[in-house]
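Here my numbering = 1-based position in the sequence shown + 35. No residue lacks a Cβ here, since even glycine has one placed at the ideal position from N, Cα and C. As the structure is a prediction and not an experimental result, all values here were calculated from the model. See structure below.
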Amino acid sequence: MVTWLDGRGPVNPEGLQYYNNLINELKKYGIEPHVTLLHFDLPQSLEDEYSGLLSPKIDFTAYADVCFREFGDRVKYWITVNEPNIEPILGHDLGIFPPNHCSSSLTSSLGLNCSKGNSSVEPYVAGHNLLLSHASAVSLYGKKYQVSALVSLLIE
(Lines of atoms letter the chains of each structure in order from A and count residues from 1; the text may use other names and numbers.)
(Lines give C-alpha, C1' and ligand atoms only; values in the text may rest on other atoms or scores of the structure.)
Protein backbone atom coordinates (compact mmCIF):
# COMPACT_ATOMS: atom_id res chain seq x y z
CA MET A 1 0.00 0.00 0.00
CA VAL A 2 1.33 3.43 -0.96
CA THR A 3 0.62 6.00 1.75
CA TRP A 4 -1.29 9.10 0.73
CA LEU A 5 -0.35 11.58 3.41
CA ASP A 6 -1.63 15.09 2.75
CA GLY A 7 -4.00 14.54 -0.14
CA ARG A 8 -2.44 17.14 -2.40
CA GLY A 9 0.47 19.51 -2.67
CA PRO A 10 4.11 18.68 -3.19
CA VAL A 11 5.07 15.03 -3.23
CA ASN A 12 7.43 13.90 -0.48
CA PRO A 13 10.63 12.80 -2.27
CA GLU A 14 11.65 10.62 0.70
CA GLY A 15 8.32 8.81 0.47
CA LEU A 16 8.80 8.21 -3.25
CA GLN A 17 12.31 6.94 -2.62
CA TYR A 18 11.05 4.55 0.06
CA TYR A 19 8.50 3.00 -2.28
CA ASN A 20 10.94 2.94 -5.20
CA ASN A 21 13.43 1.04 -3.02
CA LEU A 22 10.71 -1.33 -1.81
CA ILE A 23 9.51 -2.09 -5.34
CA ASN A 24 13.08 -2.55 -6.57
CA GLU A 25 13.86 -5.00 -3.75
CA LEU A 26 10.72 -7.01 -4.45
CA LYS A 27 11.57 -7.20 -8.15
CA LYS A 28 15.18 -8.14 -7.38
CA TYR A 29 13.94 -11.28 -5.62
CA GLY A 30 11.39 -12.15 -8.29
CA ILE A 31 8.38 -10.88 -6.32
CA GLU A 32 5.77 -9.11 -8.42
CA PRO A 33 4.40 -6.10 -6.52
CA HIS A 34 0.65 -5.61 -6.26
CA VAL A 35 0.19 -1.97 -5.26
CA THR A 36 -2.86 -0.78 -3.34
CA LEU A 37 -3.54 2.95 -3.54
CA LEU A 38 -6.34 3.36 -0.99
CA HIS A 39 -7.00 1.04 1.94
CA PHE A 40 -8.98 2.89 4.62
CA ASP A 41 -6.43 5.74 4.78
CA LEU A 42 -8.01 8.79 3.21
CA PRO A 43 -5.95 11.80 4.35
CA GLN A 44 -7.43 13.69 7.29
CA SER A 45 -6.78 16.95 5.45
CA LEU A 46 -9.34 15.96 2.79
CA GLU A 47 -11.87 15.03 5.47
CA ASP A 48 -11.33 18.40 7.14
CA GLU A 49 -11.47 20.40 3.91
CA TYR A 50 -14.49 18.91 2.12
CA SER A 51 -15.84 15.95 4.13
CA GLY A 52 -13.68 13.38 2.35
CA LEU A 53 -15.70 10.59 0.79
CA LEU A 54 -18.93 12.57 1.11
CA SER A 55 -17.71 14.99 -1.56
CA PRO A 56 -17.62 14.22 -5.29
CA LYS A 57 -14.31 16.10 -5.46
CA ILE A 58 -11.74 13.56 -6.61
CA ASP A 59 -8.22 14.40 -5.48
CA PHE A 60 -7.59 10.66 -5.69
CA THR A 61 -6.91 10.89 -9.42
CA ALA A 62 -3.94 13.23 -8.92
CA TYR A 63 -2.54 10.87 -6.28
CA ALA A 64 -3.02 7.88 -8.58
CA ASP A 65 -1.29 9.79 -11.37
CA VAL A 66 1.81 10.31 -9.21
CA CYS A 67 1.91 6.60 -8.36
CA PHE A 68 1.38 5.48 -11.96
CA ARG A 69 4.09 7.85 -13.18
CA GLU A 70 6.65 7.03 -10.48
CA PHE A 71 6.16 3.28 -10.15
CA GLY A 72 4.34 2.19 -13.30
CA ASP A 73 7.46 1.05 -15.10
CA ARG A 74 7.75 -1.78 -12.54
CA VAL A 75 4.18 -2.37 -11.35
CA LYS A 76 1.81 -4.54 -13.40
CA TYR A 77 -0.95 -4.90 -10.80
CA TRP A 78 -2.74 -1.92 -9.28
CA ILE A 79 -5.56 -2.00 -6.74
CA THR A 80 -7.12 1.44 -6.74
CA VAL A 81 -9.46 0.96 -3.79
CA ASN A 82 -9.42 -1.95 -1.36
CA GLU A 83 -12.85 -3.03 -0.12
CA PRO A 84 -14.96 -0.09 -1.35
CA ASN A 85 -17.93 -1.94 0.12
CA ILE A 86 -16.52 -1.94 3.68
CA GLU A 87 -15.22 1.58 4.29
CA PRO A 88 -18.61 3.28 3.73
CA ILE A 89 -20.32 0.88 6.14
CA LEU A 90 -17.73 1.05 8.92
CA GLY A 91 -17.02 4.77 8.56
CA HIS A 92 -20.40 6.23 7.58
CA ASP A 93 -22.98 3.79 8.94
CA LEU A 94 -21.59 2.04 12.01
CA GLY A 95 -19.11 4.76 12.96
CA ILE A 96 -16.34 2.28 13.80
CA PHE A 97 -13.79 3.59 11.25
CA PRO A 98 -12.92 7.23 10.59
CA PRO A 99 -14.61 9.60 10.11
CA ASN A 100 -16.81 7.84 12.71
CA HIS A 101 -20.14 8.95 11.29
CA CYS A 102 -23.27 7.10 12.32
CA SER A 103 -26.88 7.57 13.29
CA SER A 104 -28.24 4.06 13.49
CA SER A 105 -29.89 2.81 16.66
CA LEU A 106 -27.68 -0.30 16.54
CA THR A 107 -24.47 1.65 17.02
CA SER A 108 -26.09 3.91 19.60
CA SER A 109 -27.06 0.84 21.59
CA LEU A 110 -23.41 -0.31 21.45
CA GLY A 111 -22.35 2.87 23.19
CA LEU A 112 -20.86 4.59 20.16
CA ASN A 113 -21.26 8.34 19.79
CA CYS A 114 -23.61 8.78 16.86
CA SER A 115 -24.03 12.53 17.10
CA LYS A 116 -22.53 13.12 13.64
CA GLY A 117 -23.69 11.50 10.43
CA ASN A 118 -26.68 10.09 8.61
CA SER A 119 -26.52 6.31 8.34
CA SER A 120 -29.39 6.17 5.86
CA VAL A 121 -27.57 8.32 3.26
CA GLU A 122 -23.83 8.66 3.92
CA PRO A 123 -22.73 5.06 3.27
CA TYR A 124 -24.25 5.23 -0.22
CA VAL A 125 -22.70 8.62 -1.01
CA ALA A 126 -19.28 7.49 0.25
CA GLY A 127 -19.48 4.22 -1.70
CA HIS A 128 -20.55 6.04 -4.84
CA ASN A 129 -17.64 8.49 -4.54
CA LEU A 130 -15.16 5.66 -3.97
CA LEU A 131 -16.37 4.04 -7.19
CA LEU A 132 -16.06 7.38 -9.02
CA SER A 133 -12.50 7.69 -7.71
CA HIS A 134 -11.70 4.21 -9.00
CA ALA A 135 -13.26 4.94 -12.40
CA SER A 136 -11.37 8.22 -12.71
CA ALA A 137 -8.03 6.55 -11.92
CA VAL A 138 -8.69 3.72 -14.40
CA SER A 139 -9.66 6.23 -17.09
CA LEU A 140 -6.51 8.27 -16.45
CA TYR A 141 -4.34 5.15 -16.64
CA GLY A 142 -5.88 4.07 -19.93
CA LYS A 143 -5.62 7.49 -21.55
CA LYS A 144 -2.26 8.66 -20.26
CA TYR A 145 -0.17 5.55 -19.70
CA GLN A 146 -1.64 2.88 -21.99
CA VAL A 147 0.68 0.28 -20.53
CA SER A 148 -0.38 -3.33 -20.19
CA ALA A 149 -1.30 -3.59 -16.53
CA LEU A 150 -4.26 -4.67 -14.45
CA VAL A 151 -5.94 -1.74 -12.69
CA SER A 152 -8.82 -2.87 -10.51
CA LEU A 153 -10.51 -2.49 -7.17
CA LEU A 154 -10.64 -5.31 -4.64
CA ILE A 155 -13.82 -6.54 -3.04
CA GLU A 156 -13.47 -9.21 -0.37
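C-beta contact flag for T96 and L175 at 7 Å: For the purposes of this step, residue 96 is taken as the residue at position 61 of the sequence shown. For the purposes of this step, residue 175 is taken as the residue at position 140 of the sequence shown. Yes, Cβ-Cβ distance for T96 and L175 is below 7 Å.
Best match in Y64, N59, S138 and H163 for proximity to I93 [C-alpha to C-alpha]: If you number the sequence shown from 1, residue 93 lands on position 58. Measuring from the Cα of I93, the nearest candidate turns out to be H163.
Beta-carbon gap between Y99 and A170 smaller than 7 Å: If you number the sequence shown from 1, residue 99 lands on position 64. If you number the sequence shown from 1, residue 170 lands on position 135. With the sequence shown as reference, residue 99 is identified as Ala, and Tyr is not the correct amino acid for it. Here A99 is not near A170, since their CB atoms are 7 Å or more apart.
Beta carbon of H74 nearer than 7 Å to that of Y112: Your numbering for residue 74 matches position 39 in the sequence shown. Your numbering for residue 112 matches position 77 in the sequence shown. Going by C-beta atoms, H74 is not nearer than 7 Å to Y112.
Same chain, Cβ closer than 7 Å to L6, neighbours up to 5 away in sequence not counted: Residue 6 falls outside the range modelled here, since the chain spans only 36 to 191, and no answer is possible.
Inside the segment 108-148 only - alpha helix (DSSP H) runs reaching at least 4 residues: 122-127 and 140-144, all fully within the segment 108-148.
Coil, strand or helix - H169 by DSSP: Here residue 169 refers to the residue found at position 134 of the sequence shown. Of the three classes helix, strand and coil, the one that applies to H169 here is helix, per DSSP.
For L165 and L88, believed in contact at Cβ under 8 Å, the rounded distance: Counting from 1 along the sequence shown, the entry for residue 88 is found at position 53. Counting from 1 along the sequence shown, the entry for residue 165 is found at position 130. Confirmed, Cβ separation roughly 6 Å.
Spatial distance of N153 from R109 (CA atoms): As a first step, residue 153 must be located in the sequence shown, where it is residue number 118. As a first step, residue 109 must be located in the sequence shown, where it is residue number 74. Here the alpha carbon of N153 sits roughly 42 Å from the alpha carbon of R109.
Collapsed DSSP secondary structure at S187 in the structure displayed: Counted from its first residue, the sequence shown places residue 187 at position 152. In the structure shown, the three-state DSSP call for S187 is strand.
For L193, the first and last residue of its enclosing alpha helix (DSSP H): The structure shown does not extend to residue 193, since the chain is modelled only from 36 through 191, so no value can be given for it.
Cβ distance (whole Å) where V160 is taken to contact V101 below 8 Å: As a first step, residue 160 must be located in the sequence shown, where it is residue number 125. As a first step, residue 101 must be located in the sequence shown, where it is residue number 66. At roughly 26 Å, the Cβ-Cβ gap does not stay under 8 Å, so V160 and V101 are not in contact.
Where H74 sits in the DSSP three-state scheme: Here residue 74 corresponds to residue number 39 of the sequence shown, with the count starting at 1. In this structure, H74 counts as coil in the three-state DSSP scheme.
L188 beta carbon less than 7 Å from that of P78: Position 43 of the sequence shown, counted from the first residue, corresponds to residue 78. Position 153 of the sequence shown, counted from the first residue, corresponds to residue 188. No, the pair does not count as a contact, with Cβ atoms beyond the cut-off.
Residues that DSSP places opposite H69 in a beta bridge: As a position in the sequence shown, residue 69 is number 34, starting the count at 1. H69 has Y112 as its beta-bridge partners, per DSSP.
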